[in-house]
Amino acid sequence: MYYAIIGDIVNSKQISNRSEIQEKLKIHLEEINKTYNKVIAANFVITLGDEFQGLLKSPHYLFEILNKIESIMRPLKIRFGIGIDDITTNIDNKMSIGSDGPAWWRARDMIYELKNNEKGLKLISDVKVSGAFDKYILDLVNINLSLCYSIKSNWTKDQRKVIDYIILNYGLIDKFIQKKVATEIGLSPVNLNKKLKLSLYYNLVYAQEIISKILTRKEG
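Written out as structure tokens, the structure reads:
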């Protein structure tokens, strides 16, 4: 079982400096490939001007990777389609292009669904998952991902700046020491904790951790 990720930059055709954005994305995807090489089955690469993809062996760092890409590429918005299933071809670990199978098909379907949901009245999200799980499990996962999107969408500029700093330098909430981070960004530990609580960042991280645990358990 593999975890296929397809990322799609929203409204990419409206970006005036597309070549610069593509180069920035390429550089940071290469950094992610090095940092998370133990869980990456096939490296993240740009596949089209506005899309990129990568293949994971495990969901353990799934959201940490997605969070970093979001923070790095901000203010651009990105959709992520996640497909959890088999790969039926050989896998070249240096690049995810060329492999094929149900995991990629599911990830592609999720990108289409995210785009269509933005046009209607359905659940809006920036991440959607499809896999060989019970339907109710998948519904629960995707509803929670939609709620995570709502949390992120309501961050103030100041909250987002603090959270991006934490994500890019320390990863998830349990990997950094508040006093140290507070000093680095010029806040008191109390004020930092207050910002994180008001932004519901703790709720977001906990939800992502629970979803990761759910996605490790394949069900027929």
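Taking my numbering, the leading residue of the sequence shown gets 14, the next gets one more, and so forth. Think of the CB as a built atom: it goes at the ideal place given N, C-alpha and C, for glycine as much as any other residue.
Nearest Cα to Ile-227 within the set Ala-145, Pro-202 and Val-58: Ala-145. Counting only runs of at least 3 residues, the segment 19-93 fully encloses the following beta strand (DSSP E) elements, listed from N- to C-terminal order: 53-61 and 64-69. When secondary structure is reduced to three states using DSSP, Lys-107 falls in the coil class, being assigned neither helix nor strand. By DSSP's assignment, Tyr-16 forms a beta bridge with Leu-69 and Ile-97. Within the same chain, Tyr-215 come within 7 Å of Leu-209 by CB-CB distance, once the 5 residues on both sides are set aside. Per DSSP, the beta-bridge partners of Gly-144 are Ile-97. Secondary structure of Thr-169 (DSSP, three-state): coil. Between the C-alpha atoms of Lys-141 and Ile-85 there is a straight-line separation of about 20 Å. If you look at Arg-119, you'll find it in the alpha helix (DSSP H) that goes 115-132. By the Cβ test, the segment 147-163 is not in contact with the segment 34-50, since fewer than three Cβ pairs between them sit closer than 8 Å. Thr-229 and Trp-118 have their C-alpha atoms spaced approximately 19 Å apart.
The segment 85-102 and the segment 17-32 touch, with no fewer than 3 CB-CB distances between them shorter than 8 Å. Straight-line measurement puts the Cα of Arg-87 at about 14 Å from the Cα of Arg-31.
The continuous stretches of alpha helix (DSSP H) do not include Leu-200, and DSSP gives it neither H nor E.
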